[in-house]
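The opening position of the sequence shown corresponds to residue 125 in my numbering, with each subsequent residue numbered one higher.
Backbone N, C-alpha and C define an ideal beta-carbon position, used for all residues, glycine too.
Small disclaimer: the values here were computed from a predicted structure and weren't measured.
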Amino acid sequence: MIANEYHMGRKAGASILHSVRSAEALGRSLNTFVTINFWQLGSTADTIFRDFADLREAWFQRWSSYRPRKPAASRNGVPTYAYVHEATHDLPHTHWMVHIQPENATLFATRLEQVLRKTFNLAAIPEGALHITAIKNAEGLKLYMAKTLDPRFGRLWGIRTENGGRIAVRRADTSRNIGPSFWQPQKARYREALRLKKAA
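Written out as structure tokens, the structure reads:
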């Protein structure tokens with residue numbers, strides 16, 4: 125039986141909200157914002173999780189980690205990203221904040237379009253199905269990414285939430301390097317430093 129998610133859970137929401145600062149702490153700022161309107165490509169609320177997972181695992185993880193043989197070429201580095209799937213008005217789409225080395229921006233956009241065309245057997249990507257922009261306000265964007273948070277946690281964390289539709293399997297996540305195993309110790313150290321500062 126496929127699990128359905130109608131809201132972003134507490135754990136995923138916390139990771140999305142910590143993703144920007146965690147990535148910056150690693151020197152891998154989330155500088156590129158990608159929106160893929162999977163509904164225009166033939167994906168559904170039941171398949172979008174696997175379609176995007178295949179894209180990440182079969183292409184992006186390897187592309188980003190690849191070490192080119194040419195000394196002048198640049199390696200993009202450890203995959204660093206946060207994403208959320210939404211199906212507002214039953215139109216499944218994905219928002220993806222990702223670190224892309226500036227010199228790789230054009231290559232990333234070209235390869236992503238090629239992979240999507242091949243995956244969905246398309247001669248061309250439909251107009252409006254793929255948007256890629258530079259991130260100018262990552263702190264504000266993470267709040268936009270978290271807008272389908274469970275309303276209970278939205279109220280607790282001061283985030284205005286909205287209905288993001290049904291998504292099968294999992295709605296949101298981050299790359300492992302900026303996940304809970306990274307940000308939770310960081311948060312604990314910050315709180316301890318703050319406590320010591322107040323006690324001084």
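Rounded straight-line distance, which links the Cα of T298 to that of G201: 16 Å
Test item: CB-CB of R295 and A136 under 8 Å: yes
R300 versus N161: straight-line alpha-carbon distance, rounded: 24 Å
How many Å lie between S188 and A247 at the Cα? 25 Å
Considering only DSSP beta bridges, list what N128 is partnered with. A292
Residues in its own chain within less than 6 Å of L215 by CB, not counting five upstream and five downstream? W163
Sequence-distant residues of its chain with Cβ nearer than 7 Å to V144 (five each side left out): L154, A262, E263 and K266
Would you kindly work out how many angstroms separate the C-alpha atoms of L268 and A323, rounded to a whole number? Per the sequence shown, the amino acid found at residue 268 is Tyr instead of Leu. One C-alpha to the other measures close to 36 Å.
Per-residue burial, N228 [other beta carbons within 10 Å of its own, 16 or more giving buried]: buried
Contact under 8 Å by Cβ, A147 with I302: yes
Taking all protein chains shown into account, do 16 or more other C-beta atoms lie within 10 angstroms of the C-beta of A169, making it buried, or fewer, making it exposed? buried
Span of the beta strand (DSSP E) holding V208? Y205 to E210
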